[in-house]
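For reference, the structure is listed below as C-alpha cells.
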C-alpha cells in the first residue's frame, strides 16, 4: 500500500483535494429504483478513473451524495462534478418521470487543505448516514467507502488504499486507526458548520432588509453561526457581541445593545468589522441588529480601522474567538449567549 500511496502523491504533486456534494431536490430521491444505488456508485467511481483523479472516499444516501476526490491542477473539478451530476439527473428522471429538477442546485465543492481537514471529512461522511437515519452505526451503511476500507464489503472497483494511506502504512494498522478515528461522533456544532458550508442548510436571520432571510455561507461565517447555537446569523452576531463585551470591558458588564457610551459605540463598530471581515453579513445588517443608523455605524467602523488596538482585535484568529466564546458560555449565566442565538 505504501508504494501505491507514494505513486499517487508523486503523480499529483499539484493536485488539490475536494469535498463534493450533490443534494436531491424536494420530492426527489436518488434511490427511487432499487438498482439505481449500484449504478450511481459505479458511475461515481468511473468518473474518477482517469489519470490524475483519485476517489478517496464517498457515501451515497437517498437525498445526498458526497465524495472526497483528489484532482490534478490541470484538470477541472467542475468537469468531474458535472459529468457525474448530469448522468445522475438523467437516470433519476428516467426512473421518476416528473417534470421537476432532480438536484436542489449546482454541486458544492469545498477544498480540503490539510491532512487534519481530510480526516475530519472522513469522520463526517462516516456518521452522515446515521444522522440521516439510514443506519444505526457508521459501519452498517452499505453505500460508501468506509465498509470497503475496513474490509467489510468487496471493493467492486473502489480502491481504498488512498483513504487508508491517511491512517497508516500497513493495511491492518490503518484499518484499526480508521475504526478508532470514526468511533467518536461529531458534535452538533460540527454538524451545523459542515451542513452550512456544503449548502445542505441555509443561514437564516432577521437582520436583513426583510423580516426573514436565508443565504448560503461558507468558511468562517459557517463556523461563527454554528458556534452561535443554531443556524441563525443573529446568533453569530450575539456571539461576537458577548466576546467583545468581555474583551473590551472585563471588569464590569457592558451592554452593546442598550448603552450609548463611546465605548459601546466602538464595540458595535467592532462587531460590524468582524462580521464583514468573516463574511457573516453586511454592515447594514449589523446596524439593523443593533437598531442603529447605518451611516453612523459606518463612520465608527472607519474610526476602528484607524486605531492600532482595534485592528488587532479585528485580526484575532477565528479559532481564538470561538475558543474564548466557548469559555464564556461555560462560565455560567453571565457568559451565556442571549436567547436570540437559539
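Numbering (our numbering), first residue to last: 18 to 359. Beta carbons are placed, not taken as given, at the ideal position from N, Cα and C, and that holds for glycine.
Between residue 215 and residue 192, the alpha-carbon positions lie close to 28 Å from each other. Within the DSSP bridge table, the entry for residue 265 names no partner. Annotated as proximal: residue 238 and residue 253, with beta-carbon spacing under 9 Å. DSSP places residue 244 outside any beta strand (DSSP E); the residue lies instead in the alpha helix (DSSP H), whose first and last residues are 236-244. Taking C-beta atoms as the reference points, residue 221 and residue 250 count as a pair closer than 9 Å. Boundaries of the beta strand (DSSP E) around residue 222: 220-222. Residue pairing for residue 137: DSSP places it in no beta bridge. The beta carbon of residue 328 is closer than 7 Å to those of 322 in its chain, skipping five residues each way along the sequence. In this structure, residue 108 sits near residue 56, with a CB-CB distance shorter than 9 Å.
The beta carbon of residue 335 lies closer than 7 Å to those of 237, 240, 295 in the same chain, with the five residues before and after it left out.
Below 8 Å, too few C-beta pairs join the segment 299-312 and the segment 259-271 to call them touching: fewer than three.
For residue 62, the closest alpha carbon among the candidates 346, 150, 83, 286 is that of 83.
Between the beta-carbon of residue 148 and that of residue 208 there is about 7 Å, and that keeps the pair under the 8 Å contact cut.
Per DSSP, the unbroken alpha helix (DSSP H) holding residue 307 starts and ends at 300-307. Three or more pairs of CB atoms, one per stretch, sit closer than 8 Å, so the segment 34-43 contacts the segment 117-131. Secondary-structure assignment with DSSP links residue 76 through a beta bridge to 83, 161.
Between the segment 106-120 and the segment 39-58, the count of C-beta pairs closer than 8 Å reaches three or more; the two stretches touch. Within the segment 319-354, no run of beta strand (DSSP E) reaches 3 residues while sitting entirely inside it.
For the pair residue 70 and residue 97, the CB atoms are nearer than the 9 Å cut-off.
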